[in-house]
Amino acid sequence: MTRQLALLGSAICLVLSAGTAGAVELPTRKAGLWEMKMVRSGGPMPEMTMQHCTDETTDKEMSTAASPMAKEICSKQDIQKTATGYVTDSVCSVAGVTVQGHAEITGDFNSAYTVKSTSHAEGGKAGAHDTTMTIEAKWLGACKADQKPGDMIMPGGMKMNIKDMEKLKGLLPKQPPK
């Protein structure tokens, strides 16, 4: 379970860095239920598949809600539109660990998209290490009857709502001034 939460943390950092950059913004995903399969190398974490129920408002809120948190923990957040999609670069620090990340995002945000990311982390108990993660997302259809926008269903059935991220912010260690 701890490993799954750490992987979710990595994915949230990717969302924070990708969703808050300057003038270029990622498109809003099609409303409904998205399946996201995460495959990570450079560590012992297994492949993880989760589902996310979203709508246009929730996707936009994720970007704007993430902005204040990302501004606090990230010294660099760049996103560029490319011929095939988007490229993001970020440098973020949490709990004495600094992560430099690079992601390439391709797809149409209506039926499927892929995020290929690499990161280099320094500090903390794990020391310096590199990680590669691929997120393959596909639209499954309408959200299930018992789901509301923002709900994420993790492996094992654990359910959380991404709109509660602001509550998670209070759990992060305080960052020293930049």
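So the sequence shown is residues -23 to -1, 1 to 155, counted in mature numbering (1 follows the signal peptide of the UniProt record, and there is no 0). Yeah, the Cβ is synthetic: ideal placement off N, Cα and C, and Gly gets one too. No experiment lies behind these values; they were computed from the predicted model shown.
Buried versus exposed call for residue i [16 or more other C-beta atoms within 10 Å across all chains shown]
{"i": "His106", "result": "exposed"}
{"i": "Met15", "result": "buried"}
{"i": "Ala114", "result": "buried"}
{"i": "Asp123", "result": "exposed"}
{"i": "Pro132", "result": "exposed"}
{"i": "Val71", "result": "buried"}
{"i": "Gly62", "result": "buried"}
{"i": "Lys155", "result": "Caution is warranted here: a pLDDT of 46 is assigned to Lys155, below 50, making its placement in the model unreliable, and no coordinate value can be reported."}
{"i": "Ala60", "result": "exposed"}
{"i": "Met135", "result": "exposed"}
{"i": "Thr65", "result": "buried"}
Three-state secondary structure (DSSP) of residue i
{"i": "Asp141", "result": "helix"}
{"i": "Tyr63", "result": "strand"}
{"i": "Met39", "result": "helix"}
{"i": "Glu99", "result": "strand"}
{"i": "Lys136", "result": "strand"}
{"i": "Gly(-5)", "result": "Because Gly(-5) carries a pLDDT of 44, less than 50, the predicted location of this residue cannot be relied on, and the following value inherits that uncertainty. DSSP places Gly(-5) in helix when its eight states are reduced to three."}
{"i": "Ala122", "result": "coil"}
Limits of the unbroken beta strand (DSSP E) element including residue i
{"i": "Trp54", "result": "Correcting the residue identity first, residue 54 is Gln in this sequence and not Trp. Where Gln54 is concerned, the enclosing beta strand (DSSP E) stretches over 51 to 58."}
{"i": "Arg17", "result": "9 to 18"}
{"i": "Thr5", "result": "Run containing Thr5: none; DSSP gives neither H nor E here."}
{"i": "Glu113", "result": "106 to 118"}
{"i": "Met25", "result": "25 to 31"}
{"i": "Met131", "result": "First-last for Met131: undefined, no H or E at that position."}
One or two residues paired with residue i in a DSSP bridge
{"i": "Val74", "result": "Val71"}
{"i": "Asp85", "result": "Asp85 is not bridged to any residue."}
{"i": "Thr91", "result": "Thr83, Glu113"}
Inter-stretch contact (C-beta, 8 angstroms, three-pair minimum) for the segment 95 to 106 and the segment 67 to 83:
yes
Okay, do the segment 23 to 32 and the segment 47 to 66 touch, 3+ Cβ pairs below 8 angstroms being the bar?
no
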